[in-house]
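> After the structure tokens below, expect a handful of questions from me.
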Amino acid sequence: MEEKATRFEDLKPMLRPTGIVPGIIKVDPEKCTGCGMCVLNCPFKSMEMDEHKHPKMKDQHLCSSCFNCIAACPEDALSIVRTYDVKEGFFDTDTPPSKMPLAPKDADGEPTEWNTLERIVLERRSTRHYKKDPVPESLLLRVLEAGRFAPSGGNHQPWKFTVVTDPEFIAELEETMHGFWAQTYPLFNNDDTVMNMVETVETGVFDPRTQRGIQCIAKKILPVYFGGPAVIFMGAHPKLNNPALTIGICGQNMNLVANSLGLGVCWTNFGAVPINTMPELKSKLGFDEPWTVITALVTGYPKFKQSKMVPRHYRPVTWFGPRSKEPEIKT
Ligand SMILES: Cc1cc2nc3c(=O)[nH]c(=O)nc-3n(C[C@H](O)[C@H](O)[C@H](O)COP(=O)(O)O)c2cc1C
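The following block contains the structure:
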């Protein structure tokens with residue numbers, strides 16, 4: 005077992021990260037109509053409208069290069085100047101360049117089209133703006149089935165689902181989660197009190213983007229459930245091995261099937277920690293001990309179209325072909 009840090013100084017490189025180079029997006033003023041969709045769709049609200057009603061990066065921003073701004077722009081008016089990177093310190097993990105998907109080829113190496121599933125995988129973007137319309141129960145059941153039929157080691161199926169579609173309960177949960185993070189964030193930001201938090205909350209590594217997410221929730225810039233009409237909570241039994249990995253696989257099955265049904269989805273992790281510290285709420289949600297809430301998916305009909313391919317990190321692939329003594333590095 006790894007020893008837990010007991011001094012702030014030991015955790016400082018992680019909790020007060022250095023060397024972060026935020027992404028930068030630029031707008032083509034010829035194409036931009038000033039609709040503001042990019043500003044609206046940025047999770048961390050890194051952009052704002054300038055005096056000419058064109059989007060620009062805010063002074064103090066942390067663009068994480070999710071490119072949801074580009075995905076939401078109906079005019080293709082945005083382009084990437086620089087992608088998020090970390091140049092030194094704890095989170096310097098040799099960020100590779102981002103690339104668009106490679107052009108698809110068929111089994112004979114001839115150019116072809118993406119198939120339906122590939123399109124869903126490549127064009128899926130996280131949806132954070134939903135219509136109020138409820139999701140028909142028939143569709144939610146199909147989404148849940150996609151989760152239930154996910155693979156798991158030895159077929160151990162560690163999951164348990166809870167669906168919430170009551171708007172009042174979702175709004176109540178939103179307030180509770182906001183309250184939790186609004187109280188916790190100042191403690192986390194204070195060098196003296198942060199140690200208590202690190203001891204009580206099972207955090208793992210706090211990536212700077214996660215830290216910014218918590219800050220945005222505390223400031224009510226980023227909602228936890230996005231006012232979505234349905235939330236699917238996923239819990240795991242701790243005696244069933246590797247639940248985080250398996251719940252991830254199960255959730256992504258649901259995510260892709262929901263997208264195939266015309267629904268949008270966003271994973272939402274900022275509810276799990278608070279719920280697991282509130283036994284009454286956890287139990288109300290159907291996760292009595294020893295069940296643990298791992299994560300949740302918000303789903304509903306997207307308010308606007310934002311299914312577009314965007315670039316992603318490309319790390320060179322180490323490839324051992326037949327009879328190869330040395331691997332080929334595919335860049
Ligand atoms: C496990 C997991 C947890 C996530 N939690 C949140 C969250 O709490 N809030 C949020 O706005 N997005 C959350 N996301 C969405 C990511 O921010 C998003 O997948 C990433 O920025 C890439 O963008 P894309 O999904 O649009 O391609 C989460 C994604 C995953 C896989």
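Start counting the sequence shown at 5; every next residue gets the next number (my numbering). Glycine residues also receive a C-beta, built at the ideal position from the N, C-alpha and C atoms. Remember, predicted model here, so these are calculated numbers, not experimental data.
Tell me whether Met5 sits in a helix, a strand or coil according to DSSP, three-state version.
With a pLDDT of 46 at Met5, under the threshold of 50, the predicted position of this residue should be treated as unreliable, though the coordinate-derived value follows. Coil.
> Does the Cβ of Gly217 lie closer than 7 Å to at least one heavy atom of ligand 1?
For ligand 1, at least one heavy atom lies less than 7 Å from the Cβ of Gly217.
> If you pair each beta-carbon of the region 121-140 with each one of the region 269-289, do three or more pairs fall below 8 Å?
The region 121-140 vs the region 269-289: in contact.
> Which residues are close to ligand 1, meaning CB closer than 5 Å to any heavy atom, in chain order?
Checking every Cβ against the heavy atoms of ligand 1 under 5 Å gives Pro47, Cys70, Arg129, Ser130, Trp271, Thr272, Asn273, Phe274.
> Can you name, in chain order, every residue of its own chain whose Cβ lies under 7 Å from the Cβ of Leu126, other than the five neighbours on each side?
For Leu126, where only same-chain residues beyond five positions count, the Cβ hits under 7 Å are Pro105, Trp118, Met313.
> Under a three-way DSSP split, which group does Lys60 fall into?
The answer is strand: DSSP assigns Lys60 an E or B state.
> Less than 8 Å between the C-beta atoms of Phe237 and Phe165, yes or no?
In contact: Phe237 and Phe165 (Cβ atoms closer than 8 Å).
> Determine the direct distance from the alpha carbon of Gly266 to that of Ser102, and round the result to whole angstroms.
Those two C-alpha atoms are separated by around 28 Å.
> Excluding sequence positions up to five away, which residues of its chain have a Cβ less than 8 Å from the Cβ of Ala240?
Contacts found: Pro162, Trp163, Lys164, Pro247, Ala248, Thr250, Ile251, Trp295, Thr296, Ile298.
> For the alpha helix (DSSP H) containing Phe173, list its first residue and its last residue.
Element bounds for Phe173: 171-193.
> For Asp80, which residues from the same chain have a beta carbon less than 7 Å from its beta carbon, with the 5 sequence-adjacent residues on both sides left out?
Result list for Asp80: Lys35, in chain order.
> Please identify the residue among Val85, Phe173, Phe192, Cys70 whose C-alpha is closest to the C-alpha of Asp32.
Among Val85, Phe173, Phe192, Cys70, the Cα nearest to that of Asp32 is on Val85.
> Do Cys67 and Ile28 come within 8 Å of each other at the CB atom, strictly closer than that value?
Cβ distance < 8 Å, so Ile28 and Cys67 count as in contact.
> Considering only the alpha carbon of each residue, which of Cys46, Phe12, Pro21, Thr37 lies closest to Pro227?
The shortest C-alpha separation from Pro227 is found at Cys46.
> With DSSP as the reference, label Pro162 as helix, strand or coil.
DSSP places Pro162 in coil when its eight states are reduced to three.
> Which full runs of the beta strand (DSSP E) of 3+ residues lie inside the region 208-258, going along the chain?
Complete beta strand (DSSP E) runs here, min 3: 234-240.
> By DSSP, does Arg316 sit in helix, in strand, or in coil?
Of the three classes helix, strand and coil, the one that applies to Arg316 here is strand, per DSSP.
> Can you round the beta-carbon distance between Arg146 and Val261 to whole angstroms, since I take them to be within the 8 Å contact cut?
Correct: roughly 6 Å between the Cβ atoms.
> Taking Val302 as part of the beta strand (DSSP E), name the residues at either end of that continuous run.
Element bounds for Val302: 296-304.
> Reducing DSSP to helix, strand and coil, say where Met104 ends up.
Correct three-state label for Met104: coil.
> How long is the line joining the alpha carbons of Gly4 and Phe184, rounded to whole angstroms?
Residue 4 is absent from the structure shown; the chain starts at 5 and stops at 335.
> In angstroms with no decimal places, state the Cα-to-Cα distance between Met5 and Thr214.
Note that Met5 has pLDDT 46, beneath the 50 cutoff, so the model's placement of it is unreliable and no number is given.
> Counting pairs of Cβ atoms below 8 Å between the region 56-76 and the region 8-22, do you hit three or more?
These segments do not touch.
> Count the CB pairs spanning the region 133-153 and the region 303-311 that are closer than 8 Å, and state whether there are at least three.
Judged by Cβ distances under 8 Å, the region 133-153 makes contact with the region 303-311, as three or more pairs qualify.
> Can you check whether the CB of Met258 is closer than 8 Å to the CB of Leu191?
It is not a contact, given that the beta carbons lie outside the stated cut-off.
> What does the alpha-carbon distance come out to for the pair Asn193 and Asn200?
For Asn193 and Asn200, the distance between alpha carbons rounds to 12 Å.
> In angstroms with no decimal places, state the Cα-to-Cα distance between Glu330 and Thr87.
For Glu330 and Thr87, the distance between alpha carbons rounds to 32 Å.
> Using a Cβ-Cβ cutoff of less than 8 Å, which residues in the same chain neighbour Pro212 once the five nearest sequence positions on both sides are dropped?
Pro21, Ile24, Leu66, Val90, Phe95.
> Roughly how far, in whole angstroms, is the beta-carbon of Thr169 from the beta-carbon of Pro138, given that I think they are within contact range, below 8 Å?
About 6 Å separates the two Cβ atoms, so the contact holds.
> Taking a contact to mean a Cβ-Cβ separation below 8 Å, would you say Glu52 touches Val43 in this structure?
Yes. Within cutoff.
> Since I believe Leu144 is in contact with Gly275 (beta carbons under 8 Å), could you give me their beta-carbon distance rounded to a whole number of angstroms?
The Cβ separation is near 18 Å, so there is no contact.
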